[in-house]
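Read through the structure below, which is laid out as structure tokens, and then see the notes.
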Amino acid sequence: MIIAPISDPVTKDHLNNISPDGITRFTMLQGTIKGALVSGTRLVAQARANHDLGIIESLALGQALLSAALLSTTIKEGTKLTLQVSCSGPLKGFSAETTWDGKVRGYLYNDTVKIDKPLESFDLKPFIGSGTLSVIRNDGRGEPYTGHIELVHGRIAEDLTEYFLRSEQTKTALAVSVRFDKEGRVSGAGGLFFQALPGAQDLDMEDTEDRMREMPSLGTWFASGKSRQNLLDEWFQAFELDHIHEDPVQFYCDCSRDRFLQFLAAMQRGELEQMLATGPWPMEIHCHNCGSRYQFARDEIAALIQRNA
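With the numbering used here applied, the sequence shown covers 165 to 473.
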């Protein structure tokens with residue numbers, strides 16, 4: 165992956181002075197509810213830089229990536245999970261992928277949304293509309309498992325909650341938030357996830373959801389420089405937190421120039437000859453997952469043709 169520079173000095177200074185990104189996993193109420201809290205301001209800011217996104221696009225992709233990061237805590241080592249939405253709204257949808265160890269990447273199906281009038285709120289429902297949500301788990305050993313539902317709310321966190329209830333019969337509470345400063349810079353981003361385990365009482369989940377509703381915006385919380393531990397101490401100390409474990413999270417893609425060159429080398433000779441004849445040069449390949457762009461010279465393609473002769 166080519167990491168796009170974050171050149172704005174205000175953004176750079178802010179990111180250097182807030183708490184680090186990461187995921188805190190935990191259980192609570194005597195192990196009957198599991199939870200995960202992600203702080204991902206750098207993750208969202210880097211995704212925005214790599215994909216060169218506007219505010220609405222950054223909000224949508226940021227929420228998708230934070231949701232995927234939270235879902236990384238639901239999969240086993242060596243597994244990947246992909247969250248996809250296909251929708252009728254201007255965003256058209258997105259794909260966000262996470263590995264079990266918190267490496268997250270993704271993209272919007274339409275990353276240039278036109279806005280005809282000033283925004284009244286940062287509610288994504290008008291930009292999502294109707295459609296489907298899919299969750300794909302892939303352990304690399306067989307066919308991926310895919311579950312999907314029709315969108316009910318047109319909001320990522322609420323529809324994921326609906327997905328777990330309908331598709332996996334599991335009570336879940338989820339919130340994601342991306343905050344911007346007055347100049348439109350990403351200033352804070354985070355997400356929170358709770359899921360009932362065997363033995364959980366309905367009242368336990370209700371109390372948990374009530375507490376989530378009382379909390380301040382996670383984007384605002386992390387924009388202020390406060391940490392994940394600060395939030396858990398202040399808002400969930402009475403819920404008997406246990407088995408607390410810290411994990412990294414980052415915007416990361418395993419693409420590289422060498423990998424794309426290998427992909428080109430595997431193409432048919434006729435395809436390469438057509439490419440050589442039509443150009444343009446240098447040829448550029450765009451990784452849609454992270455926005456990286458790799459350039460290849462005409463001589464490199466000619467060498468591949470000679471190698472396949």
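Ideal Cβ placement from N, Cα and C applies to all residues, glycine included. Note that the structure is predicted; figures quoted are calculated from it, not measured.
Does the beta-carbon of Ile477 have 16 or more other beta-carbons within 10 angstroms, so that it is buried, or is it exposed?
The structure shown has nothing for residue 477, since the chain only spans 165 to 473.
In chain order, what residues of the same chain lie with their CB nearer than 7 angstroms to the CB of Ser259, ignoring the 5 residues before and after it?
The residue labelled residue 259 in the question sits at position 95 within the sequence shown. Same-chain partners within the cutoff: Thr246, Gln248, Gly270, Tyr271.
Taking the alpha carbon of Ser456 as the point to measure from, which residue in Glu373, Tyr416, Glu435 has its own alpha carbon closest?
Working through the sequence shown from its first residue, we reach residue 456 at position 292. Of the listed residues, the one whose Cα sits closest to Ser456 is Tyr416.
Assuming Ser222 is part of the beta strand (DSSP E), what are its boundary residues?
By 1-based counting over the sequence shown, the position of residue 222 is 58. No beta strand (DSSP E) contains Ser222, which is instead part of the alpha helix (DSSP H) from 219-235.
How about Thr334 and Gln359: are their beta carbons less than 8 angstroms apart?
The residue labelled residue 334 in the question sits at position 170 within the sequence shown. The residue labelled residue 359 in the question sits at position 195 within the sequence shown. Yes, the pair counts as a contact, with Cβ atoms nearer than the cut-off.
Determine the burial state of Val340: buried for a count of at least 16 other Cβ atoms within 10 Å of its Cβ, exposed for fewer.
Counting from one through the sequence shown, the residue named residue 340 turns up at place 176. That one is buried.
Does the Cβ of His178 have 16 or more other Cβ atoms within 10 Å, making it buried, or fewer, making it exposed?
For the purposes of this step, residue 178 is taken as residue 14 along the sequence shown, with counting starting at 1. By the neighbour-count rule (16 or more Cβ atoms within 10 Å), His178 is buried.
Helix or strand or just coil, what does DSSP make of Phe286?
In the sequence shown, counting from the first residue as 1, residue 286 sits at position 122. Residue state for Phe286 is assigned as coil, using DSSP reduced to three classes.
Decide if Val350 is buried, meaning its Cβ has at least 16 other Cβ atoms within 10 Å, or exposed.
Position 186 of the sequence shown, counting from 1, holds the residue named residue 350. Its Cβ being crowded by 16 or more others within 10 Å, Val350 is buried.
Could you check where the beta strand (DSSP E) with Glu326 kicks off and where it finishes?
Here the question's residue 326 lines up with position 162 in the sequence shown. Here Glu326 belongs to no beta strand (DSSP E); instead the alpha helix (DSSP H) covers 320-331.
Within a Cβ cutoff of 6 angstroms, which residues of the same chain sit near Thr175, ignoring the five residues on either side of it in sequence?
As a first step, residue 175 is located in the sequence shown; it is residue number 11 there, counting from the start. Counting only Cβ-Cβ distances below 6 angstroms, and skipping sequence neighbours, we find Arg349.
Would the region 186-203 and the region 368-387 be scored as touching if the rule is three or more Cβ pairs under 8 angstroms?
yes
Touch test, the region 456-467 against the region 428-443, Cβ-Cβ under 8 angstroms, three pairs minimum
yes
Classify Leu283 as buried or exposed, calling it buried when 16 or more other Cβ atoms lie within 10 Å of its own Cβ.
Here residue 283 corresponds to residue number 119 of the sequence shown, with the count starting at 1. Label assigned to Leu283: exposed.
Are the Cβ atoms of Ser231 and Ile313 separated by less than 8 angstroms?
Taking the sequence shown and counting its residues from 1, the one referred to as residue 231 is at position 67. Taking the sequence shown and counting its residues from 1, the one referred to as residue 313 is at position 149. Cβ atoms of Ser231 and Ile313: not closer than 8 angstroms.
What residue from Phe424, Met431, Gln470 has the CA that sits closest to Gln459's CA?
Taking the first residue of the sequence shown as position 1, residue 459 is located at position 295. Minimum Cα distance to Gln459 is reached at Phe424.
Look at Leu255 and Leu229 and say whether their C-beta atoms are less than 8 angstroms apart.
As a working mapping, residue 255 is identified with position 91 in the sequence shown. As a working mapping, residue 229 is identified with position 65 in the sequence shown. No, Cβ-Cβ distance for Leu255 and Leu229 is not below 8 angstroms.
Do the CB positions of Ser391 and Ser171 come within less than 8 angstroms of each other?
Counted from its first residue, the sequence shown places residue 391 at position 227. Counted from its first residue, the sequence shown places residue 171 at position 7. Against a cut-off of 8 angstroms, the Cβ pair of Ser171 and Ser391 comes out as no contact.
Express the C-alpha separation of His215 and His452 in angstroms, rounding to a whole number.
If you number the sequence shown from 1, residue 452 lands on position 288. If you number the sequence shown from 1, residue 215 lands on position 51. If I take the Cα positions, the gap works out to 9 angstroms.
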